[in-house]
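Here's the structure, in structure tokens; my notes come after.
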Amino acid sequence: MLKYVHVVMLVTVMFCQTVSAEWADWILNASLDGGFEDNVNFGVEKYMRLSDLTASQSVLFGRYYQLGDYFRLSIAADLKAKEYKRYDGLDNVYSGATVALTHKCGWGLEAPWIRIHSSAGYLSFDESMRNSLMYNGGLTFGKRFSERFDMLLSYNFIYRDGKNSKGIAGFMDNAFDQVGNKGSVVLNYLLTERLLASLGDSVYYGDVNSTGEPDDFNTVKSFTKALIRDTTFNSRLWTYRFEALANEFTVGLSYALSGHTSLNVSYIRVDGYTSDLHYYDNLVSTNIKYSF
Amino acid sequence: MTKIAIYIIVLLCLCSPGIGYCYDLVSEIKDAEGALLENAVITATPLSGEFKKPDKNLTVEIDQIDKTFVDFVTPIMVGTTLVFPNSDKIRHQVYSFSEAKKFEIPLYPPGQGRATPVTFDKPGVVVLGCNIHDWMKAYVYVVETPFFAKTGKNGKATIKDIPPGQYKIEVWHPYIKKSSATVKQPVNIGKEGDMKVDFVIDVKKALTVRRAPGSIGGGVYP
Numbered sequence: 182m183l184k185y186v187h188v189v190m191l192v193t194v195m196f197c198q199t200v201s202a203e204w205a206d207w208i209l210n211a212s213l214d215g216g217f218e219d220n221v222n223f224g225v226e227k228y229m230r231l232s233d234l235t236a237s238q239s240v241l242f243g244r245y246y247q248l249g250d251y252f253r254l255s256i257a258a259d260l261k262a263k264e265y266k267r268y269d270g271l272d273n274v275y276s277g278a279t280v281a282l283t284h285k286c287g288w289g290l291e292a293p294w295i296r297i298h299s300s301a302g303y304l305s306f307d308e309s310m311r312n313s314l315m316y317n318g319g320l321t322f323g324k325r326f327s328e329r330f331d332m333l334l335s336y337n338f339i340y341r342d343g344k345n346s347k348g349i350a351g352f353m354d355n356a357f358d359q360v361g362n363k364g365s366v367v368l369n370y371l372l373t374e375r376l377l378a379s380l381g382d383s384v385y386y387g388d389v390n391s392t393g394e395p396d397d398f399n400t401v402k403s404f405t406k407a408l409i410r411d412t413t414f415n416s417r418l419w420t421y422r423f424e425a426l427a428n429e430f431t432v433g434l435s436y437a438l439s440g441h442t443s444l445n446v447s448y449i450r451v452d453g454y455t456s457d458l459h460y461y462d463n464l465v466s467t468n469i470k471y472s473f
Numbered sequence: 037m038t039k040i041a042i043y044i045i046v047l048l049c050l051c052s053p054g055i056g057y058c059y060d061l062v063s064e065i066k067d068a069e070g071a072l073l074e075n076a077v078i079t080a081t082p083l084s085g086e087f088k089k090p091d092k093n094l095t096v097e098i099d100q101i102d103k104t105f106v107d108f109v110t111p112i113m114v115g116t117t118l119v120f121p122n123s124d125k126i127r128h129q130v131y132s133f134s135e136a137k138k139f140e141i142p143l144y145p146p147g148q149g150r151a152t153p154v155t156f157d158k159p160g161v162v163v164l165g166c167n168i169h170d171w172m173k174a175y176v177y178v179v180e181t182p183f184f185a186k187t188g189k190n191g192k193a194t195i196k197d198i199p200p201g202q203y204k205i206e207v208w209h210p211y212i213k214k215s216s217a218t219v220k221q222p223v224n225i226g227k228e229g230d231m232k233v234d235f236v237i238d239v240k241k242a243l244t245v246r247r248a249p250g251s252i253g254g255g256v257y258p
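Written out as structure tokens, the structure reads:
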């Protein structure tokens, strides 16, 4: 299936060349990121939460096609790579393509816009049992209230088609298959000409993975949908899939180095809830972003 | 005898202030913190209300380069026609919702003369935008007098060739606060040769839509 993703990307780039340049503009977004995550395995017990330093790079490359005064189509290839300092089984590369159609509802910077978007790609880990096809589709509504302040509301459907692994009796073995729905709100507020503060919150309901020790099973057995032996961290651990409600809160600060480049810091707090248990993860990251 | 009379008349004309001579008005604009202000517009309006109107239709251009309007501030006289060349490789739009001039130019291709020119027939401030690139913004300041100039990076502007007389001198800046003293009058031009009229004005910490990517999302119409 991986080869099909690359075919899509290739077609994308070729298609990019066939449209009159005055109707199309390049998309080139790149990011270099360094961060710390205090629960990379989304473990539930304190002693089971594994932390690590991360480094990642991403490039989104493609074209916008202006379809008249109010519509814009974007097609882009999306490449991301993430490395973990201690748990290199989690090192991963994502390659995919994304398509979005945006409609601006009127003239002016305060006119709201709506975008329908879809992406598909392949997520490849050093520990190949985690390899998955990723699909994402959704709607985003954007509204600027002033030059200082804007808001994004979005809905995303998330589908991950993972590999089946060796499981244990009584449980399914597709721990990395995931289906979920996510609603998000992002508020951006310009503090100074260069400094942008952002707040985001999203609520996700759907499948979640956690990796833990076999001793934990008695506490998680009642709601576990799939369970497999996972060698990503070490041979004693198991990964299980369950349905949870997760809240993700993000706060970020961005300093514009130029019209195209920014230096960013962000903090993300993820809280996952089942009927009995509470999972959480804290992520701190800093990055440099470039946008053409 | 006739020749002597003519010489005397010419000599008297040349010596008489205000006949045949024009003067320059130099102005330096600073903000309340003493920083020199670029893009301030200084105008001189004759208190008599009389001035010579331009002989021909005036045309001024505002270009679009690297998805930015150039210039950011353009002062023009009422009746001036603005043209909008597009030096980028992609199509742009131009719009204004300002009371002094409302218009929309739909998407137009790169090059010269591809967008319909717009004539500004009322005085006031006109804010321009591009519907695709939200960070693009420019100001057109439409004035009734032919005597105006814009400050450069050194905060200085010179209005050239002002006939002698009494004038109202005004300053405007896109980020000026209402509390600023913006008018000086009467200013008697020609009495003491070239004039210097300086202003200190309060300006807001101005913000335009940020073009650079944000930490989450970004916010600009994607």
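Taken in order, these protein sequences are the chains called Y and A.
Quick note: the first sequence uses our numbering, first residue 182, plus one each step.
Quick note: the second sequence uses our numbering, first residue 37, plus one each step.
Backbone N, C-alpha and C define an ideal beta-carbon position, used for all residues, glycine too.
Inset, instruction - With a 10 Å radius around its C-beta and 16 neighbouring C-beta atoms as the bar for buried, classify Lys232/A as buried or exposed. - result: exposed
Legend entry - CB contact flag (Lys137/A, Thr244/A, <8 angstroms): no
Legend entry - CA-to-CA distance, Lys285/Y to Ser335/Y, given in whole angstroms: 16 angstroms
Legend entry - Selection of the stretch 296 to 330 of chain Y by Cβ proximity to chain A, strictly under 8 angstroms: Arg296, Gly323, Arg325, Glu328 and Arg329
Legend entry - Boundaries of the beta strand (DSSP E) in which Lys470/Y is found, first to last residue: His459 to Ser472
Inset, instruction - Can you check DSSP and say which residues form a bridge with Ala278/Y? - result: Ala258/Y and Ala301/Y
Inset, instruction - Give the residues of chain Y in contact with Glu140/A, contact being defined as C-beta atoms less than 7 angstroms apart. - result: Trp288
Legend entry - Collapsed DSSP secondary structure at Arg311/Y in the structure displayed: helix
Inset, instruction - Please work out which residues of its chain come closer than 8 angstroms, Cβ to Cβ, to His459/Y, disregarding the five sequence neighbours upstream and downstream, and give them in chain order. - result: Val225, Asp452 and Gly453
Legend entry - Which of helix, strand or coil DSSP assigns to Tyr454/Y: strand
Inset, instruction - Could you please give the first and the last residue of the uninterrupted beta strand (DSSP E) stretch that includes Glu218/Y? - result: Ala205 to Glu218
Legend entry - Contact set for Gly54/A: own chain, Cβ-Cβ below 6 angstroms, skip 5 residues either direction: Residue confidence is low: Gly54/A scores 44 on pLDDT, short of 50, so the model does not pin down where it sits. Its coordinate-derived value is still stated next. For Gly54/A, where only same-chain residues beyond five positions count, the Cβ hits under 6 angstroms are Pro200 and Gly226.
Legend entry - CA nearest to the CA of Leu304/Y, picked from Asn273/Y, Leu254/Y and Glu328/Y: Asn273/Y
Legend entry - Stretch pair the stretch 184 to 201 of chain A + the stretch 122 to 130 of chain A: three plus CB contacts closer than 8 angstroms: no
Inset, instruction - Since I believe Leu376/Y is in contact with Arg325/Y (beta carbons under 8 angstroms), could you give me their beta-carbon distance rounded to a whole number of angstroms? - result: No, Arg325/Y and Leu376/Y are not in contact; Cβ-Cβ is about 17 angstroms, not under 8 angstroms.
Legend entry - Start and end residues, beta strand (DSSP E) containing Lys138/A: Lys137 to Tyr144
Inset, instruction - Identify which residue in Ser327/Y, Ala281/Y and Glu429/Y has its Cα closest to the Cα of Leu380/Y. - result: Glu429/Y
Inset, instruction - With a threshold of 16 other CB atoms inside 10 Å of the CB of Pro153/A, please say whether the residue is buried or exposed. - result: exposed
Legend entry - Rounded straight-line distance, which links the Cα of Val384/Y to that of Val239/A: 42 angstroms
Legend entry - For Phe404/Y, the three-state DSSP class (helix, strand or coil): helix
Inset, instruction - State yes or no: is the beta carbon of Ala236/Y nearer than 8 angstroms to at least one beta carbon in chain A? - result: no
Legend entry - 8 angstroms Cβ cutoff met for Ser474/Y and Ala281/Y: Because chain Y in this structure spans residues 182 to 473, residue 474/Y falls outside the shown range and cannot be described.
Inset, instruction - Would you decide whether Glu23/A is buried or exposed? Buried here means 16 or more other CB atoms lie within 10 Å of its CB. - result: This structure leaves residue 23/A out entirely; chain A is present only between 37 and 258.
Inset, instruction - Give the residues of chain Y in contact with Val245/A, contact being defined as C-beta atoms less than 7 angstroms apart. - result: Leu290 and Glu328
Legend entry - Cutoff 6 angstroms; reference Arg246/A; Cβ partners in own chain excluding five residues on either side: none
Inset, instruction - Spell out whether any CB of chain A is found under 8 angstroms from the CB atom of Gly277/Y. - result: no
Legend entry - Length of the line joining the Cα atoms of Thr420/Y and Leu271/Y: 13 angstroms
Inset, instruction - Return the chain-ordered list of same chain residues with a C-beta closer than 6 angstroms to the C-beta of Glu293/Y, the five sequence neighbours on each side being excluded. - result: For the record, residue 293/Y in the displayed sequence is Pro; it is not Glu. Excluding residues within five positions, the ones whose Cβ falls inside 6 angstroms are Cys286 and Lys324.
Inset, instruction - Could you work out which residues of chain A lie near Ala437/Y, taking near to mean beta carbons separated by less than 7 angstroms? - result: Arg246 and Ala248
Legend entry - 8 angstroms contact criterion, which Ile205/A and Ile237/A should meet: CB distance rounded: No, Ile205/A and Ile237/A are not in contact; Cβ-Cβ is about 13 angstroms, not under 8 angstroms.
Inset, instruction - Check the C-beta distance from Asp214/Y over to Ala236/Y and give it rounded, since I have them as a contact under 8 angstroms. - result: 7 angstroms
Inset, instruction - Assign Gln247/Y to buried or exposed, taking buried as 16 or more other Cβ atoms, counted over all protein chains shown, within 10 Å of its Cβ. - result: buried
Inset, instruction - Give the DSSP-derived three-state secondary structure of Ile98/A in the structure shown. - result: coil
Inset, instruction - Provide the residue span of the beta strand (DSSP E) that contains Lys125/A, from first to last. - result: Careful: Lys125/A lies outside any beta strand (DSSP E) and carries neither H nor E.
Inset, instruction - Could you tell me whether any Cβ in chain A is nearer than 8 angstroms to the Cβ of Lys263/Y? - result: no
Legend entry - Proximity to Asp102/A [Cα-Cα], best of Asn122/A, Lys214/A and Gln148/A: Asn122/A
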